[in-house]
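Which chain is which? The protein sequence lines are A and B, in order. The first sequence begins at 2 in our numbering and counts up one residue at a time. The second sequence begins at 2 in our numbering and counts up one residue at a time. Structure record follows, encoded as structure tokens.
2 protein chains.
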Amino acid sequence: MAALEPMYRDLAEERALMSPRVDNIAPTTHPGGYYAFKHMGGTWPAQGIQALRINSDVVTHPVIAGKPRRQKQPLAPSSKGGRWVGLVLLFSTQTGALLAMFPDGVVQRLRVGAANGLALKHLARADAATLALIGSGWQAGAQLAAAIAARPLKEVRVWSPRKESREAFVGEYRNVKAVETAEECVAGADIIAASTSSMVRVIEPKWLKPGVHLSCIKTHEVDAEVLERCSRVVLHNRKQAKQIDNLLKDTANVAKERGKSGWWNDGSGRFEKYPDLCDLLTGRAEGRKNDKEITCFVNNVGTGLQFAAAGAWVLRRAREAGVGTELPDDWFSEDVHP
Amino acid sequence: MAALEPMYRDLAEERALMSPRVDNIAPTTHPGGYYAFKHMGGTWPAQGIQALRINSDVVTHPVIAGKPRRQKQPLAPSSKGGRWVGLVLLFSTQTGALLAMFPDGVVQRLRVGAANGLALKHLARADAATLALIGSGWQAGAQLAAAIAARPLKEVRVWSPRKESREAFVGEYRNVKAVETAEECVAGADIIAASTSSMVRVIEPKWLKPGVHLSCIKTHEVDAEVLERCSRVVLHNRKQAKQIDNLLKDTANVAKERGKSGWWNDGSGRFEKYPDLCDLLTGRAEGRKNDKEITCFVNNVGTGLQFAAAGAWVLRRAREAGVGTELPDDWFSEDVHP
């Protein structure tokens, strides 16, 4: 959160730059799957860093516990079996040089959590003490860490459709209680944080009691009905809405992906009026005004700038600690004019 | 040319995919310079290849021989001194894995030349025997190679503003004659090929005699006045016109870059009606019809797909020859869901 906040301030002042997230979707040989190539860039002159985050995935849409999910398949061969492929590249804006490459997974989780944590600081009640986690996967851990960083929590409950998943989560984190139903999880909670791969709504309108704060990492987790009940909604970045506009035409799954609507594109235009996180952090948009408001942060899309900010921090710390593998500069530069 | 032609056929049939070229322009510390980060992607399912080509450059706009140029400064540190930074990454659309990384310079040149060579095959007169090269830099060599591959040339002349540059070119290639003036170079030429970094017109309308073919690698090399005199104009890719829409606001050079117009954006809309190279290669657009036509190919923008096609070829040849450095797959994959 400390690494990202100054970046959001520079973004608000137009002293940092994003390139649009691009998703390429194409046929692949994996049964029921499609190939998804995603990249997003961010330039943060204050740190002299250009970041590019790249994901290269084979994706399927299995139905789990009755609901469709979006699953990336770990198919990349390695000495440790099938793995995922996500990379962050950092370049110097002063010399152009490639400074570092590292897998995106850990940073990806933390920068999502950090954005939700920064929003939570301004939107959750000051005395918020009970956290309900909907979803118990990898991202839920970062939502937990962010909430702990922002508020002195007294109780954390977790629910997800599969019992083994929530039990595993409880085994990993201290002082978290797994519960049997979503209703039990959210009852009386000050903060409801969703961390799911669901492609349909997971937060029910009837859960929204006065004073609650909703923290989402995916637009699909809420819909217009939920958002209408909120006093205040903040997006991560309204301009960087996901674009899937360059699809190949000849696979069923590609057609399915194209058909995905999500609340962003409901045509009303109202979602574009919600302020961004950087507006909230710089006071251009107001945070919570009283203890009755229902507030909501939707981390609607990630940005390459998050990887520039987190990456600058990772690079500095890695150099201090002397970790990583130094590769020859000559491999990543050239003596012919490109 | 052989590596790229099947890709253009797939592109015409929508069996290959491009992501838009993105240019990020930001302030840098180099005097009179700005930082330019560029990337373009291409997916070619027939070869199972996703390519991403990345350029990370510090750029200046010096005036040379009275005309403004766009120069990339070799500032990246290496054991061999300052170098440029351009990289091609290849991923598998079947597993997601990173297959290869290599500097873009040599391939960058050859894919530009290959596109112009493929166009030349369909647009230059069958008996074209005299080639006039305007510009004698790195790209001119590929234009020469492409023209030789497409037509049985008898005479090649070269002119560029700086004598030492054209003399160096003549020293590198056999049977090329350097001349003192542009007029001497183009007199009676069947093909005029421009390979410059000029930001203003380098081909003069009065040079356009019946039957000539113009081969350009930059939109700035020709303007509306030149194009109006052509019987037939083909673009590399009209949809991938360069976009510089995400500029930071606070440097003079950024403002200069923003102010660049070029003929693409003259507002008439007519340039969008010119066919693409892939239309020409698949017969959707006609090539030269008679010996009197004045034809023109403008390689208006590069595409990531060129790097997918050339990269698939490079990768296959590198594996056959056992060249390159194998790095651990584990470095470029991860065991956490990204």
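By construction, the Cβ of each residue, glycine as well, lies at the ideal position given by its N, Cα and C atoms.
Beta bridge counterpart(s) of residue i as assigned by DSSP
{"i": "arginine 163/A", "result": "DSSP lists no partner for arginine 163/A."}
{"i": "leucine 134/B", "result": "Val159/B and Ala194/B"}
{"i": "histidine 338/A", "result": "Note: histidine 338/A sits in no beta bridge, so no partner."}
{"i": "methionine 19/B", "result": "Gly43/B"}
{"i": "lysine 68/B", "result": "Ile65/B"}
{"i": "lysine 73/A", "result": "Val60/A"}
{"i": "aspartate 24/A", "result": "Lys39/A"}
{"i": "valine 234/A", "result": "Cys297/A"}
{"i": "arginine 54/B", "result": "Met41/B and Val89/B"}
{"i": "serine 216/B", "result": "Ala194/B and Phe298/B"}
{"i": "alanine 179/B", "result": "Val159/B"}
{"i": "aspartate 105/A", "result": "Paired residues: none, contrary to the question."}
C-beta atoms of residue i and residue j nearer than 7 angstroms
{"i": "valine 299/A", "j": "cysteine 217/A", "result": "yes"}
{"i": "asparagine 56/B", "j": "glycine 42/A", "result": "no"}
{"i": "alanine 143/A", "j": "leucine 111/A", "result": "yes"}
{"i": "valine 64/B", "j": "tyrosine 35/B", "result": "no"}
{"i": "valine 180/A", "j": "tryptophan 208/A", "result": "no"}
{"i": "alanine 398/B", "j": "histidine 214/B", "result": "Chain B is shown only over 2 to 339; residue 398/B falls outside these bounds and no answer can be derived."}
{"i": "asparagine 301/B", "j": "leucine 228/B", "result": "no"}
{"i": "serine 198/A", "j": "arginine 54/A", "result": "no"}
{"i": "glutamine 51/B", "j": "phenylalanine 170/A", "result": "no"}
{"i": "alanine 27/A", "j": "proline 46/B", "result": "yes"}
{"i": "glycine 312/A", "j": "valine 89/A", "result": "yes"}
{"i": "lysine 68/B", "j": "valine 201/B", "result": "yes"}
{"i": "glycine 87/B", "j": "proline 339/A", "result": "yes"}
{"i": "arginine 10/A", "j": "threonine 283/A", "result": "yes"}
{"i": "glutamine 95/A", "j": "threonine 96/B", "result": "no"}
{"i": "arginine 175/B", "j": "proline 206/B", "result": "no"}
{"i": "leucine 134/A", "j": "alanine 194/A", "result": "yes"}
{"i": "serine 196/B", "j": "alanine 129/B", "result": "no"}
{"i": "valine 23/A", "j": "serine 93/B", "result": "no"}
{"i": "aspartate 330/A", "j": "serine 79/B", "result": "yes"}
{"i": "leucine 91/A", "j": "alanine 101/A", "result": "yes"}
{"i": "alanine 310/B", "j": "alanine 4/B", "result": "yes"}
{"i": "leucine 306/A", "j": "methionine 8/A", "result": "yes"}
{"i": "arginine 239/B", "j": "glutamate 273/B", "result": "yes"}
{"i": "proline 162/B", "j": "alanine 286/B", "result": "no"}
{"i": "lysine 81/B", "j": "aspartate 58/B", "result": "no"}
Where residue i falls: helix, strand or coil (DSSP)
{"i": "glutamate 168/A", "result": "helix"}
{"i": "cysteine 297/B", "result": "strand"}
{"i": "valine 203/B", "result": "coil"}
{"i": "leucine 99/A", "result": "strand"}
{"i": "aspartate 330/A", "result": "helix"}
{"i": "proline 211/B", "result": "coil"}
{"i": "arginine 152/B", "result": "coil"}
{"i": "aspartate 224/A", "result": "coil"}
Closer than 6 angstroms: residue i CB and nearest the ligand MN heavy atom
{"i": "isoleucine 50/A", "result": "The ligand MN is absent from the structure shown, which contains no ligands of any kind."}
6 angstroms CB neighbourhood of residue i in its chain, flanking five on each side removed
{"i": "threonine 296/A", "result": "Leu124, His214, Arg233 and Arg289"}
{"i": "leucine 132/B", "result": "Ala148, Leu154, Val157 and Ile192"}
{"i": "serine 334/A", "result": "none"}
{"i": "glutamate 165/A", "result": "none"}
{"i": "glycine 118/B", "result": "Met2, Ala147, Ala150 and Ala151"}
{"i": "glutamate 173/B", "result": "none"}
{"i": "lysine 219/A", "result": "none"}
Contacts around residue i, its chain only, beta-carbon distance under 7 angstroms, and the 5 residues preceding and following it disregarded
{"i": "glutamate 327/A", "result": "none"}
{"i": "glycine 189/B", "result": "Thr131"}
{"i": "arginine 167/B", "result": "Ser137, Val159, Trp160, Ser161 and Ala179"}
{"i": "valine 203/B", "result": "Ile135, Ala195, Thr197 and Glu222"}
{"i": "histidine 40/B", "result": "Val23, Leu53, Arg54 and Ile55"}
{"i": "threonine 182/B", "result": "Trp160"}
Cβ shell of residue i (< 8 angstroms), same chain only, five flanking positions each side left out
{"i": "glycine 212/A", "result": "Arg126, Asp191, Asp292, Lys293, Glu294 and Ile295"}
{"i": "proline 104/B", "result": "Gly87, Leu88 and Val89"}
{"i": "valine 108/A", "result": "Val89, Phe308, Ala311, Gly312 and Val315"}
{"i": "glutamate 6/A", "result": "Leu119 and Leu282"}
* To do: Anything in the segment 53 to 85 of chain B with a Cβ closer than 7 angstroms to a Cβ of chain A? List those residues in chain order, please.
  => Considering only beta carbons, the part of the segment 53 to 85 of chain B lying closer than 7 angstroms to chain A consists of Leu53, Ile55, Asn56, Ser57, Asp58, Val59, Lys73, Leu76, Ala77, Pro78, Ser79, Ser80, Lys81, Arg84 and Trp85, in chain order.
* Asked: What residues in the segment 7 to 31 of chain A have a beta carbon less than 9 angstroms from any beta carbon of chain B?
  -> Glu15, Arg16, Ala17, Leu18, Met19, Ser20, Pro21, Val23, Asp24, Asn25, Ile26, Ala27, Pro28, Thr29, Thr30 and His31
* With 8 angstroms as the C-beta to C-beta threshold (strictly closer), list the residues of the segment 36 to 48 of chain B near chain A in chain order. => Of all residues in the segment 36 to 48 of chain B, only Tyr36, Phe38, His40, Gly42, Thr44 and Pro46 place a beta-carbon less than 8 angstroms from a beta-carbon of chain A.
* To do: Select from the segment 144 to 167 of chain B all residues with a C-beta closer than 9 angstroms to any C-beta belonging to chain A, and list them in chain order.
  => The segment 144 to 167 of chain B vs chain A, Cβ under 9 angstroms: nothing.
* To do: Residues of the segment 212 to 245 of chain B with a CB closer than 7 angstroms to any CB of chain A: list them in chain order, please.
  => Flagged: no residues at all.
* With 7 angstroms as the limit, tell me which residues of the segment 84 to 116 of chain B have their beta carbon closer than that to any beta carbon of chain A; keep them in chain order. => Arg84, Trp85, Val86, Gly87, Leu88, Phe92, Thr94, Gln95, Thr96, Gly97, Ala98, Leu99, Pro104, Asp105, Gly106, Val107 and Gln109
* To do: Identify each residue in the segment 307 to 324 of chain A for which the Cβ-Cβ distance to at least one residue of chain B is less than 7 angstroms, and report them in chain order.
  => In summary, no residue of the segment 307 to 324 of chain A has a CB separated from any CB of chain B by less than 7 angstroms.
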